[in-house]
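> Just passing along the structure, written as C-alpha coordinates.
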Amino acid sequence: MQLFCELIRIALGTQTYFSHIPSYTEWKELYSMSNKHGISGILFQGLTRLPKEQRPNQDLFADWITLVKKIEDRYKKQEKLADYVTKTFKKHGFRSIIIKGLSLSKYFPNPQYRHSSDIDVWLEGNKEDILSYVSSVKKPYNILYHHCDFYVIPGMDIEVHFIPSYFCNPFTNKRFKSWAKDCGQRLFPNCDTIEEGYNVPDDMFNIPYLLTHLFRHVIDEELI
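Each residue of the sequence shown is one higher than the one before, counting from 232 in our numbering.
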(Lines of atoms letter the chains of each structure in order from A and count residues from 1; the text may use other names and numbers.)
(Lines give C-alpha, C1' and ligand atoms only; values in the text may rest on other atoms or scores of the structure.)
Protein backbone atom coordinates (compact mmCIF):
# COMPACT_ATOMS: atom_id res chain seq x y z
CA MET A 1 0.00 0.00 0.00
CA GLN A 2 2.88 2.37 0.73
CA LEU A 3 4.28 1.96 -2.79
CA PHE A 4 0.81 2.44 -4.28
CA CYS A 5 0.40 5.73 -2.42
CA GLU A 6 3.89 6.76 -3.54
CA LEU A 7 3.01 5.99 -7.18
CA ILE A 8 -0.09 8.18 -6.86
CA ARG A 9 2.06 11.04 -5.54
CA ILE A 10 4.57 10.51 -8.36
CA ALA A 11 1.77 10.62 -10.93
CA LEU A 12 0.46 13.85 -9.38
CA GLY A 13 3.95 15.37 -9.39
CA THR A 14 4.34 15.73 -5.63
CA GLN A 15 7.05 13.03 -5.41
CA THR A 16 9.84 12.22 -7.85
CA TYR A 17 10.75 8.60 -7.13
CA PHE A 18 10.02 5.56 -4.94
CA SER A 19 11.50 5.19 -1.46
CA HIS A 20 12.91 1.89 -2.71
CA ILE A 21 12.99 0.08 -6.07
CA PRO A 22 9.87 -2.12 -6.34
CA SER A 23 10.43 -5.83 -6.92
CA TYR A 24 8.78 -7.74 -9.78
CA THR A 25 6.07 -8.98 -7.39
CA GLU A 26 5.48 -5.49 -6.06
CA TRP A 27 5.11 -4.13 -9.59
CA LYS A 28 2.54 -6.82 -10.38
CA GLU A 29 0.62 -5.78 -7.27
CA LEU A 30 0.82 -2.11 -8.26
CA TYR A 31 -0.53 -2.94 -11.72
CA SER A 32 -3.36 -5.01 -10.24
CA MET A 33 -4.30 -2.35 -7.68
CA SER A 34 -4.30 0.41 -10.29
CA ASN A 35 -6.80 -1.62 -12.33
CA LYS A 36 -9.02 -2.33 -9.33
CA HIS A 37 -9.14 1.37 -8.45
CA GLY A 38 -9.67 2.42 -12.07
CA ILE A 39 -6.65 4.72 -12.24
CA SER A 40 -4.22 2.78 -14.44
CA GLY A 41 -4.11 5.58 -17.00
CA ILE A 42 -3.52 8.25 -14.37
CA LEU A 43 -0.75 6.25 -12.69
CA PHE A 44 0.94 5.52 -16.01
CA GLN A 45 1.93 9.18 -16.07
CA GLY A 46 3.90 8.43 -12.90
CA LEU A 47 5.72 5.56 -14.61
CA THR A 48 6.98 7.86 -17.37
CA ARG A 49 8.39 10.25 -14.75
CA LEU A 50 10.34 7.60 -12.86
CA PRO A 51 14.11 7.18 -13.19
CA LYS A 52 14.83 4.33 -15.62
CA GLU A 53 16.16 2.06 -12.86
CA GLN A 54 12.87 2.30 -10.93
CA ARG A 55 10.55 1.46 -13.82
CA PRO A 56 8.92 -1.99 -14.22
CA ASN A 57 10.38 -4.62 -16.56
CA GLN A 58 9.69 -4.33 -20.28
CA ASP A 59 6.87 -6.90 -20.36
CA LEU A 60 4.85 -5.21 -17.61
CA PHE A 61 5.60 -1.77 -19.03
CA ALA A 62 4.33 -2.96 -22.43
CA ASP A 63 1.15 -4.37 -20.83
CA TRP A 64 0.58 -1.03 -19.11
CA ILE A 65 1.07 0.88 -22.38
CA THR A 66 -1.42 -1.43 -24.13
CA LEU A 67 -3.98 -0.83 -21.38
CA VAL A 68 -3.50 2.94 -21.55
CA LYS A 69 -4.01 2.85 -25.33
CA LYS A 70 -7.36 1.11 -24.77
CA ILE A 71 -8.31 3.74 -22.19
CA GLU A 72 -7.43 6.53 -24.63
CA ASP A 73 -9.38 4.88 -27.46
CA ARG A 74 -12.46 4.47 -25.27
CA TYR A 75 -12.24 8.09 -24.15
CA LYS A 76 -12.13 9.30 -27.77
CA LYS A 77 -15.13 7.09 -28.57
CA GLN A 78 -17.02 8.52 -25.60
CA GLU A 79 -16.30 12.08 -26.72
CA LYS A 80 -17.74 11.39 -30.17
CA LEU A 81 -20.76 9.55 -28.77
CA ALA A 82 -21.53 12.32 -26.28
CA ASP A 83 -21.54 14.78 -29.16
CA TYR A 84 -23.83 12.47 -31.17
CA VAL A 85 -26.16 11.87 -28.21
CA THR A 86 -26.41 15.61 -27.52
CA LYS A 87 -27.28 16.40 -31.15
CA THR A 88 -29.77 13.54 -31.37
CA PHE A 89 -31.68 14.53 -28.24
CA LYS A 90 -31.64 18.19 -29.31
CA LYS A 91 -33.05 17.21 -32.72
CA HIS A 92 -35.99 15.54 -30.97
CA GLY A 93 -36.68 18.45 -28.63
CA PHE A 94 -34.67 17.57 -25.52
CA ARG A 95 -31.92 19.78 -24.20
CA SER A 96 -29.28 17.71 -22.41
CA ILE A 97 -26.33 17.92 -20.06
CA ILE A 98 -23.63 15.27 -19.71
CA ILE A 99 -23.11 14.62 -15.99
CA LYS A 100 -20.68 12.63 -13.84
CA GLY A 101 -17.88 10.69 -15.60
CA LEU A 102 -17.23 12.33 -18.95
CA SER A 103 -18.30 15.78 -17.75
CA LEU A 104 -15.40 15.75 -15.27
CA SER A 105 -12.79 15.74 -18.05
CA LYS A 106 -12.33 19.50 -17.64
CA TYR A 107 -10.83 18.86 -14.20
CA PHE A 108 -8.12 16.54 -15.55
CA PRO A 109 -4.92 17.88 -17.19
CA ASN A 110 -4.91 14.72 -19.35
CA PRO A 111 -8.53 13.51 -19.46
CA GLN A 112 -7.76 10.83 -22.04
CA TYR A 113 -6.08 8.84 -19.26
CA ARG A 114 -9.12 8.58 -16.97
CA HIS A 115 -11.11 5.35 -16.97
CA SER A 116 -14.56 5.73 -18.48
CA SER A 117 -17.66 3.58 -18.32
CA ASP A 118 -21.09 4.69 -19.49
CA ILE A 119 -22.44 8.07 -20.60
CA ASP A 120 -24.74 9.81 -18.12
CA VAL A 121 -27.04 12.37 -19.69
CA TRP A 122 -29.56 14.54 -17.86
CA LEU A 123 -32.51 15.55 -20.04
CA GLU A 124 -34.79 18.52 -19.63
CA GLY A 125 -38.43 17.51 -19.43
CA ASN A 126 -40.76 15.25 -17.47
CA LYS A 127 -40.16 11.55 -16.97
CA GLU A 128 -43.15 10.41 -19.04
CA ASP A 129 -42.12 12.36 -22.16
CA ILE A 130 -38.50 11.24 -21.87
CA LEU A 131 -39.46 7.58 -21.45
CA SER A 132 -41.89 7.83 -24.35
CA TYR A 133 -39.16 9.08 -26.67
CA VAL A 134 -36.48 6.68 -25.43
CA SER A 135 -38.87 3.71 -25.76
CA SER A 136 -39.71 4.73 -29.32
CA VAL A 137 -36.04 4.26 -30.20
CA LYS A 138 -35.36 1.17 -28.11
CA LYS A 139 -36.98 -0.08 -24.94
CA PRO A 140 -34.81 0.64 -21.89
CA TYR A 141 -33.69 -2.53 -20.13
CA ASN A 142 -33.81 -0.96 -16.68
CA ILE A 143 -36.08 1.85 -15.51
CA LEU A 144 -35.39 3.34 -12.08
CA TYR A 145 -36.72 6.30 -10.13
CA HIS A 146 -34.13 8.76 -11.46
CA HIS A 147 -32.85 7.24 -14.72
CA CYS A 148 -33.22 4.49 -17.28
CA ASP A 149 -30.47 2.36 -18.84
CA PHE A 150 -30.49 2.79 -22.58
CA TYR A 151 -28.34 0.32 -24.53
CA VAL A 152 -28.64 1.60 -28.07
CA ILE A 153 -24.99 1.99 -29.11
CA PRO A 154 -22.89 -1.22 -29.05
CA GLY A 155 -20.18 -1.17 -26.41
CA MET A 156 -21.44 1.91 -24.58
CA ASP A 157 -24.33 2.13 -22.11
CA ILE A 158 -26.24 5.39 -21.79
CA GLU A 159 -27.95 6.37 -18.54
CA VAL A 160 -30.75 8.79 -19.34
CA HIS A 161 -31.50 10.81 -16.19
CA PHE A 162 -34.88 12.36 -15.47
CA ILE A 163 -33.29 13.90 -12.38
CA PRO A 164 -29.55 13.86 -11.54
CA SER A 165 -29.87 11.77 -8.37
CA TYR A 166 -32.12 11.11 -5.38
CA PHE A 167 -32.24 10.69 -1.61
CA CYS A 168 -34.00 7.96 0.33
CA ASN A 169 -35.27 10.46 2.89
CA PRO A 170 -38.43 11.94 1.27
CA PHE A 171 -37.92 15.40 2.80
CA THR A 172 -34.29 15.59 1.71
CA ASN A 173 -35.25 14.23 -1.70
CA LYS A 174 -37.88 16.96 -2.11
CA ARG A 175 -35.27 19.64 -1.35
CA PHE A 176 -32.80 18.02 -3.73
CA LYS A 177 -35.35 17.94 -6.56
CA SER A 178 -36.12 21.61 -5.99
CA TRP A 179 -32.41 22.44 -6.03
CA ALA A 180 -31.85 20.38 -9.19
CA LYS A 181 -34.78 22.13 -10.89
CA ASP A 182 -33.26 25.53 -10.09
CA CYS A 183 -29.90 24.36 -11.44
CA GLY A 184 -31.56 23.09 -14.61
CA GLN A 185 -33.16 26.47 -15.23
CA ARG A 186 -29.65 27.95 -15.15
CA LEU A 187 -27.84 25.19 -17.05
CA PHE A 188 -30.17 23.96 -19.80
CA PRO A 189 -30.36 27.28 -21.69
CA ASN A 190 -26.60 26.94 -22.32
CA CYS A 191 -27.39 23.93 -24.51
CA ASP A 192 -28.87 26.26 -27.13
CA THR A 193 -25.42 27.62 -27.93
CA ILE A 194 -23.75 24.20 -28.32
CA GLU A 195 -23.09 23.43 -31.99
CA GLU A 196 -20.30 20.90 -31.51
CA GLY A 197 -19.52 18.76 -28.48
CA TYR A 198 -21.75 18.58 -25.43
CA ASN A 199 -22.87 20.63 -22.46
CA VAL A 200 -21.54 19.99 -18.93
CA PRO A 201 -22.52 21.38 -15.50
CA ASP A 202 -20.71 24.25 -13.82
CA ASP A 203 -18.91 24.05 -10.46
CA MET A 204 -21.94 25.42 -8.61
CA PHE A 205 -23.77 22.23 -9.59
CA ASN A 206 -20.89 19.76 -9.59
CA ILE A 207 -19.47 20.37 -6.12
CA PRO A 208 -22.62 19.58 -4.08
CA TYR A 209 -23.90 17.05 -6.63
CA LEU A 210 -20.74 14.96 -6.77
CA LEU A 211 -20.39 14.95 -2.98
CA THR A 212 -23.93 13.64 -2.54
CA HIS A 213 -23.48 11.14 -5.36
CA LEU A 214 -20.27 9.75 -3.88
CA PHE A 215 -21.86 9.58 -0.43
CA ARG A 216 -24.68 7.45 -1.81
CA HIS A 217 -22.18 5.15 -3.47
CA VAL A 218 -20.34 4.72 -0.17
CA ILE A 219 -23.45 3.67 1.76
CA ASP A 220 -25.46 1.98 -0.98
CA GLU A 221 -23.28 0.82 -3.87
CA GLU A 222 -19.54 0.92 -4.43
CA LEU A 223 -16.71 3.22 -5.42
CA ILE A 224 -14.85 2.45 -8.64
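A virtual CB, placed ideally from N, CA and C, is assigned to each residue, including glycine.
For clarity, every value in this text was computed on a predicted model and none was experimentally measured.
1) Measure the C-alpha to C-alpha separation of residue 265 and residue 348 and round it to an integer number of angstroms.
2) Would you mind working out which of 346, 249, 356, 283 sits nearest residue 328, comparing C-alpha positions?
3) With DSSP as the reference, label residue 363 as helix, strand or coil.
4) Please return the same chain residues whose Cβ sits closer than 7 Å to the Cβ of residue 380, not counting the five positions on each side in sequence.
5) Does DSSP classify residue 312 as helix, strand or coil?
6) What are the residues that DSSP puts in a beta bridge with residue 335?
7) Please determine if the region 232–242 and the region 301–311 are in contact, where contact requires at least 3 C-beta pairs separated by less than 8 Å.
8) According to DSSP, simplified to helix, strand and coil, what is residue 354?
9) Considering only the alpha carbon of each residue, which of 281, 416, 382 lies closest to residue 238?
10) So, is residue 242 buried or exposed, given that buried needs 16 or more other C-beta atoms within 10 angstroms?
11) Which of the three DSSP states is assigned to residue 368 in this structure?
12) Taking C-alpha atoms, which residue in 274, 343, 412, 289 lies nearest to residue 245?
13) Between the Cα of residue 354 and those of 432, 400, 342, 272, spot the shortest distance and give me the residue it belongs to.
14) Is residue 390 helix, strand or coil by DSSP?
15) With the cut-off set at 8 Å, would you say residue 422 and residue 436 are in Cβ contact?
16) With burial defined as no fewer than 16 other Cβ atoms inside 10 Å of the residue's Cβ, what is the status of residue 240: buried or exposed?
17) Expressed to the nearest angstrom, what Euclidean distance is found between the alpha-carbon atoms of residue 529 and residue 326?
Let's see:
1) Within the sequence shown, residue 265 is the residue found at index 34, counting from 1. Within the sequence shown, residue 348 is the residue found at index 117, counting from 1. The alpha-carbon atoms of residue 265 and residue 348 are separated by roughly 16 Å.
2) Stepping through the sequence shown from its first residue, residue 328 is reached at position 97. Among 346, 249, 356, 283, the Cα nearest to that of residue 328 belongs to 356.
3) In the sequence shown, the residue the question calls residue 363 occupies position 132. The answer is helix: DSSP assigns residue 363 an H, G or I state.
4) To locate residue 380, count along the sequence shown from 1; it is residue 149. Correct list, in chain order: 371, 372, 373, 388, 390.
5) The count along the sequence shown starts at 1 and reaches residue 312 at position 81. In the structure shown, residue 312 falls within a helical segment according to DSSP collapsed to helix, strand and coil.
6) Here residue 335 corresponds to residue number 104 of the sequence shown, with the count starting at 1. Beta-bridge analysis with DSSP links residue 335 to no other residue.
7) The region 232–242, when compared against the region 301–311, does not touch it at the 8 Å Cβ threshold.
8) Within the sequence shown, the letter at position 123 stands for residue 354. In this structure, residue 354 counts as strand in the three-state DSSP scheme.
9) For the purposes of this step, residue 238 is identified with residue 7 of the sequence shown, where counting begins at 1. Residue 238 has its Cα closest to that of 281, out of 281, 416, 382.
10) By 1-based counting over the sequence shown, the position of residue 242 is 11. Buried.
11) What you label residue 368 is simply residue 137 of the sequence shown in a count that begins at 1. Helix, per DSSP.
12) Counting from 1 along the sequence shown, the entry for residue 245 is found at position 14. For the residues 274, 343, 412, 289, the minimum Cα distance to residue 245 belongs to 274.
13) By one-based count along the sequence shown, residue 354 stands at place 123. It is 432.
14) What you label residue 390 is simply residue 159 of the sequence shown in a count that begins at 1. The answer is strand: DSSP assigns residue 390 an E or B state.
15) In the sequence shown, residue 422 corresponds to position 191, counting from 1. In the sequence shown, residue 436 corresponds to position 205, counting from 1. No, Cβ-Cβ distance for residue 422 and residue 436 is not below 8 Å.
16) Against the sequence shown, residue 240 aligns to sequence position 9. When all chains shown are included, residue 240 counts as exposed.
17) Only positions 232 to 455 of the chain appear in this structure, which leaves residue 529 out of reach.
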